[in-house]
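Everything below concerns the one structure shown next.
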Amino acid sequence: MEDFADRFEIEALRGEFTDAGMMHDYDRFAALFTEDGHWQIAPGALEFTGRDDIRAAIERLQGSWEFFVQNTHPGVIRLDGDTATGRAYVAELGRFTDGSSHQNFALYHDRYRRTPDGWRFTERVYEVRYVDDTPLPGRTGI
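If you use my numbering, the sequence shown corresponds to residues 1 to 142, in order.
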């Protein structure tokens, strides 16, 4: 039963990550990482370590979007006591404040650790598999 609970909590952690980013709740976003957590976007491009650095990064990155939508789909979770690894599959689209568009399909490669506050990311690496910068034809809102 503990295995099921751990998997449920890790999946909830991944959901919180997406929600906190999209809702611009930067403090909650940073708190999802361990104190020494590492977040990497497109290996070799952007790297952030520690909650303060991660919080500043997500605020700066979200500030460049007119709108942004991230859909995360469950992937594998491999438990190993108080640590775990996993993957999540991601589709993103949005328009930057300069009017350019962006859509991608990617994977998150994750490492997790159980803490007194629950499961947290120790590392989250974003690997982009496909990018399309074609202008989005739609509009925001209805």
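C-beta: ideal position from N, C-alpha, C; glycine also.
| query | result |
| --- | --- |
| Beta carbon of A88 nearer than 7 Å to that of R14 | yes |
| Collapsed DSSP secondary structure at T83 in the structure displayed | strand |
| Beta-carbon gap between S101 and P137 smaller than 7 Å | no |
| Among D6, L93, A84, the one whose alpha carbon lies nearest that of N104 | L93 |
| Whole-angstrom C-beta distance between Y112 and G86, which should lie under 8 Å | 7 Å |
| Assigned exposure category for R129 - 16 Cβ within 10 Å defines buried | exposed |
| Whether Q62 touches H24 by CB criterion (7 Å) | yes |
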